[in-house]
Structures are given as structure tokens and as C-alpha cells.
Amino acid sequence: MAYAIQTPPQLSTHLRALRRAKGLSQSDLGAKLGLSQARVARIEGDPLSISVEQLLRVFAALGVRMGLEELPSTAGDTTVPSAPFVSEPLAKPPIASQDGDW
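Below, the structure written as C-alpha cells:
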């Protein structure tokens, strides 16, 4: 299943929902990533507080991947649309490395 994510609050909501859908506590996810529960809580609350590389590691630990999808353009639209983030389930998530606290 794919989820269109276009704002940081939507990303925050989806990160939390994906973790809960996997039956993981913040501590459990932190253990998979080598992070503290407090750091996972901060990432969920403010996903802009981490790098894209770190976000991809979080996605991998949750068993999802990120993709980009072009938005349909409308006639006469002169603004550049922002591409949404889409997360979808992976068959097998890669193993996250233990990098310590981010």
C-alpha cells in the first residue's frame, strides 16, 4: 500500500503509524536502530531533525521504502509542484546498522 506524504506533519503521523502497525514500541525501534527511546520520540515528533540517510534507515527498520511520484500538472499552472514522499511495504527489510545515537 502506498501513502502520499507531502508535509512534515504527515510524515510524522505515518512514521508513528508504521511503527505501531509493526507492533513496535519506540524502545523496540530504537533498539533496531541503535538509538534511545527518547531519540525515536524526537524523530517521530520532528522528522526534519534527521538527515535523509537516517530517515531511510528508519524506513528500512520499519520495512518500508521511499519513492517519488510525479504530480499531475494542471493547465496554466506556473508553480513547480513538490514531489510527495510515498512509502510502501518491502518484502524483506534490510538490517539496520548500529551507528549509535544520531
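Just so you know, we're using our numbering here: the sequence shown kicks off at -12 and counts up by one. From the three backbone atoms N, C-alpha and C, an ideal C-beta is built for every residue, glycine too. Predicted model only: the values in this text are computed from it and were never measured.
Extent of the continuous beta strand (DSSP E) run through residue i
i     : result
A(-9) : -10 to -8
Local conformation of residue i per DSSP, three classes
i     : result
A83   : Per-residue confidence for A83 stands at a pLDDT of 46, beneath the threshold of 50, marking its modelled position as unreliable; the derived number appears in the next sentence. DSSP places A83 in coil when its eight states are reduced to three.
G54   : strand
P(-4) : helix
Distance CB(residue i)-CB(residue j) smaller than 8 Å
i   : j   : result
E40 : L2  : no
R6  : L16 : yes
Span of the alpha helix (DSSP H) around residue i
i   : result
G10 : Note, G10: premise wrong, no alpha helix (DSSP H); not H, not E.
L22 : It is not in any alpha helix (DSSP H) - L22 carries neither H nor E in the DSSP assignment.
L42 : 39 to 49
7 Å CB neighbourhood of residue i in its chain, flanking five on each side removed
i   : result
L43 : M53
Nonlocal neighbours in the same chain, by C-beta distance under 6 Å from residue i, ignoring five residues either side
i   : result
S14 : Q24
D33 : none
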